[in-house]
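One structure below.
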Amino acid sequence: MAKRPDYVLFDRDTTAIVFGYQQNAIQRMLDFDYVCRRDKPSVACIVNPTRDGYHKCFWGTKEILIPMYRTLKEAVKNHPDADVMVNFASFRSAYPTTKEALESDTIRTVAVIAGGVPERRTRQLIKIARERKKWIIGPATVGGIAAGAFKIGNTAGTLDNIIASRLHRPGSVAYVSKSGGLSNELNNIIA
């Protein structure tokens, strides 16, 4: 796999480790991947501190199994090509799990979904990310999307909304928004 330039966070080959057993978000990521006609799912594995094994989900009409691990250390070891972590940990554990991801050699970008992470902790995470030349999205983010390539969690809503907004295909417009609701409106306007 060719290495992406540092300024490109996601492409059609991006794979992620999802921290937290968020079944709906995982399925929405896979549905997006399928309509984008990716060669393989973007979810490499799931970290679920209370259970390991496999999670059954759909890739189009076919059932697939996504491996689940109890620790991020196991996930990173078994999926070294996954360079994104989508962190659904609660605000209480978002800091240590994000810090661990940023300190791993293979994770390059961490999206922290949780809100309520103390400002001091957020500044510490930003410092670690800068020192290690990594990216952090959040805390308190709805996520991110690279049209036709990769999506984080619940970004852009349901598959119907994604198709109506034409986010399943690459485009030539980019924007940054502070609001998930505003993002959906912009998606519809730009489409």
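Residue numbers (the working numbering): 8 to 198.
For each residue, glycine too, the CB sits at the ideal point set by N, CA and C.
In the pairwise beta carbon analysis, the stretch 177 to 197 is classified as not touching the stretch 76 to 83: fewer than three pairs are separated by under 8 Å. Bounds of the beta strand (DSSP E) holding ILE73 are 69 to 76. Taking VAL50 as the centre and dropping the five residues before and after it, the same chain places the C-beta of ALA23, VAL25, ILE33, MET36, LEU37, ILE73 closer than 7 Å to its C-beta, in chain order.
Cβ atoms of ARG115 and LYS141 come within 8 Å of each other, at about 6 Å.
The stretch 174 to 191 and the stretch 120 to 129 do not touch, with fewer than three beta-carbon pairs separated by less than 8 Å.
CA-to-CA, the gap between TYR61 and GLN131 works out to about 34 Å. The beta carbon of ALA96 sits closer than 7 Å to those of PHE26, GLY27, THR104, ALA121, all from its chain and outside the five residues before and after it, given in chain order.
Comparing alpha-carbon positions, the option among GLY150, VAL42, VAL119, VAL91 lying closest to THR68 turns out to be VAL42. Going by DSSP, LYS63 is part of no alpha helix (DSSP H) but of the beta strand (DSSP E) stretching over 60 to 66.
By alpha-carbon distance to VAL117, the top candidate from ALA171, ASP90, LYS63 is ASP90. In the structure shown, the three-state DSSP call for VAL83 is helix. Approximately 5 Å separates the beta-carbon atoms of LEU109 and ILE135; this is inside 8 Å, confirming the contact. A direct Cα-to-Cα measurement between GLU70 and ILE169 gives close to 22 Å.
Beta-bridge annotation (DSSP): ASN94 is paired with PHE26, VAL119. For the 7 Å CB-CB criterion, ASP18 and ALA156 form a contact. Taking C-beta atoms under 8 Å as the contact rule, GLY150 and ILE159 qualify, at a distance of about 3 Å. Annotated as proximal: ALA154 and LEU174, with beta-carbon spacing under 7 Å. Of the candidates ILE196, THR148, ILE133, the residue whose Cα lies closest to the Cα of LYS185 is THR148.
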